[in-house]
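> Okay, handing you the structure first.
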Amino acid sequence: MDSIDLRILLDSPEDYLEREVKLQGWIRNHRKQKSFGFIDFFDGTCFASLQVVYDASLPNFAEVSAFRVGSAIGAVGQLVPSQGKAGGWELKAESIPLLGDCPEEYPLQPKRHSLEFLREIAYLRPRTRLFQAVFRIRSIASFAIHAYFEKHGYLYVHTPIITANAAEGAGNTFTVTTQQLGAKPDYSQDFFGRPTSLAVTGQLEGETFALAFKKIYTFGPTFRAENSNTKTHAAEFWMIEPEIAFCGLHQLMDIEEDFLKSIVAYVLEHAPAELDFLETYTGAPLKATLHALVDTPIARVSYREAIDILKRSGRDFEFTPAFGADIAKEHEKYLTDEYFNSPVFVYDWPRDIKAFYMYQNDDGETVDAVDLLVPGAGELMGGSQRETRYDKLRARMEELGISTEELYWYLNLRRFGGCEHSGFGMGFERLLIYLTGVENIRDVIPYPRTPGNCEF
């Protein structure tokens, strides 16, 4: 008899009622009595588990009674209505073979473990209910992202992981080299014949495709060597970066809002059990927050307006809000959690704190940039209209000491049929923090890479 996924069984249990079925999975909990026992069984194909009931009529009853938590088992029997108060279904077992033993020192015993402890055993934590919920939502959200862009006619582009340019600044990249460690590298003799690094963004290459295919997106890993041990930073993380030709800043905000609401709505529809569990785990009104985002227009304010709001707040901030300074975490929190009590777009930022490629406004002080701030996660998206004027872009690069020779091709995009175009980047793990209510980036990525940590 072939085994059936628990997901299929529980999707249409009436089709299998009182029929013999075969399951294969693991023991999450095991309660034993003198003449019967209950196994909390899961197979990972859905968030739910199933109670497997057995009694002394089993040929290997004594052996099954000794099965430990974490063991892999088969379970053959009939699906019947549960006798418990909660109702539902259970499997009345006729056979429970052991498929993989688990020793007594198995660290995931049926109790609540700290997140710090679970990070130390990251190779086992996917078996816990918490990480079953988190990583299932990660998978569902990934699918929703691709589905959104496919529906709206975007081309999926695989931009390079190894690159010779660093759009966000060369000081925070991981160098790629075959040179001897400790020696002063001669990059002309290196593998690529020039300095290279792991990509911090796929944006610049993405723009080349947007000016050929009109609408494109990237979705892949990026790397930043920031020696920052915060809850929202990791050295390796995933980014979604759409680029759209013939698109200005306010149209870009429309796209960002529609995109985010679509992803959140999809997760609400397809991960109800996971979200219910996470609400209980975090104690936060997670689903109400997500429904509010889907149902409510996202506020939009200029950077100047945001600074004025912060100045009028009467709060004694650690960092005094002032034009020309970045908006600090405490400022983001006030805007999202108190003043607007919702996500908010902040646009038209000072040029001196934004990247060289952003469109320079006529006031000489600001650029067509926008950040989306959300409660709990802070900055979720950052985007801009890209500078399309060759002379303006070249002058800005020279002003900042960015090589126009190395990025000649990026400048040439403005010469060869260049047009108005815009794009944004969204950190996928930041989105997952918002979706799950789990506050640390280390707990929404399978194997976090942070300063001093690259185990597994």
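Residue numbering for the sequence shown follows my numbering, beginning at 3 and increasing consecutively.
The C-beta atom is built at its ideal place from N, Cα and C for all residues, glycine as well.
According to DSSP, is M428 part of a helix, a strand, or is it coil?
strand
> Run through DSSP, which three-state label would E400 get?
helix
> What residues match up with F44 in a beta bridge as DSSP calls it?
For F44, which the question treats as bridged, DSSP gives the partners W28.
> Express the C-alpha separation of L402 and F193 in angstroms, rounding to a whole number.
29 Å
> Along the beta strand (DSSP E) that carries I214, what are the first and last residues, could you check?
The sequence given here places Ala at residue 214; Ile does not occur at that position. From DSSP, A214 is part of no beta strand (DSSP E) but of the alpha helix (DSSP H) over 205–215.
> Beta-carbon within less than 7 Å of A34's beta-carbon, same chain only, minus the 5 sequence neighbours each way: which residues are those?
The question names Ala, but residue 34 is Lys in the sequence shown. Listed in chain order, the non-local C-beta contacts of K34 below 7 Å within the same chain comprise S67, local neighbours out to five positions each way being set aside.
> Beta-carbon separation of I147 and I75 under 9 Å?
No Cβ-Cβ contact shorter than 9 Å links I147 with I75.
> Between P162 and L81, which are expected to be in contact by the criterion C-beta below 8 Å, what is the C-beta distance as a whole number of angstroms?
With 8 Å as the limit, P162 and L81 do not qualify as a contact, their Cβ atoms being about 51 Å apart.
> Take L117 and list the residues in its own chain whose beta-carbon comes closer than 6 Å to its own, dropping the five residues that flank it on each side.
D445
> Report the rounded CA-to-CA distance for D339 versus A290, giving the unit in angstroms.
14 Å
> Shortest alpha-carbon distance to P365 belongs to which of K335, F137, S315, R306?
A small fix is needed here, since residue 365 is Asp in this sequence, not Pro. Taking the Cα of D365 as reference, the smallest distance to any Cα among K335, F137, S315, R306 is reached at R306.
> Quick check on this structure: which residue in R396, V346, D393, W411 has the alpha carbon closest to the alpha carbon of G380?
Ranking R396, V346, D393, W411 by Cα distance to G380 puts V346 first.
> What's the C-alpha gap between Y392 and R417?
7 Å
> N167: buried (16+ other C-beta within 10 angstroms of its C-beta) or exposed?
N167 is buried by the Cβ-count criterion.
> Straight-line CA distance for F151 to R140?
17 Å
> Under 8 Å, with one C-beta from each stretch per pair, do the stretch 252–268 and the stretch 362–377 reach the 3-pair mark?
yes
> Please check the pair P244 and G425, which I expect to be a contact at CB under 8 Å, by giving their CB distance rounded to whole angstroms.
6 Å
> Measuring straight from C-alpha to C-alpha, what distance separates F176 and G454?
14 Å
> For A498, which option in N174, E276, Q205 has the closest C-alpha, if you only look at C-alpha atoms?
Within the shown structure, residues of the chain are numbered from 3 to 458, placing residue 498 beyond reach of any answer.
> Quick one: what's got a C-beta closer than 8 Å to E367's C-beta in the same chain, skipping five residues either side?
So the qualifying residues of the chain are P352, R353.
> May I ask you to verify whether the stretch 430–446 touches the stretch 279–287, counting CB pairs closer than 8 Å and requiring at least 3?
yes
> Can you give me the C-alpha to C-alpha distance between R451 and E238, rounded to a whole angstrom?
Pairing R451 with E238, the inter-Cα distance amounts to about 6 Å.
> Which same chain residues, not among the five before or five after I123, have their C-beta less than 6 Å away from its C-beta?
Answer for I123: P109, listed in chain order.
> Which same chain residues end up closer than 8 Å to S304 when comparing Cβ atoms and leaving out the 5 residues on each side of it in sequence?
V348, Y349, D350
> What's the gap between the Cα of L413 and the Cα of I355?
21 Å
> Grab the span of the beta strand (DSSP E) containing V82 for me, first residue to last.
74–83
> Is D7 near D42, with beta carbons less than 9 Å apart?
no
> Near Y1, which residues of its chain fall below 8 Å by C-beta distance, leaving aside the five closest residues on each side in sequence?
Given a span of 3 to 458 for the chain in the structure shown, any question on residue 1 remains unanswerable.
> Under the DSSP definition of a beta bridge, which residues are partnered with Q35?
Paired residues: none, contrary to the question.
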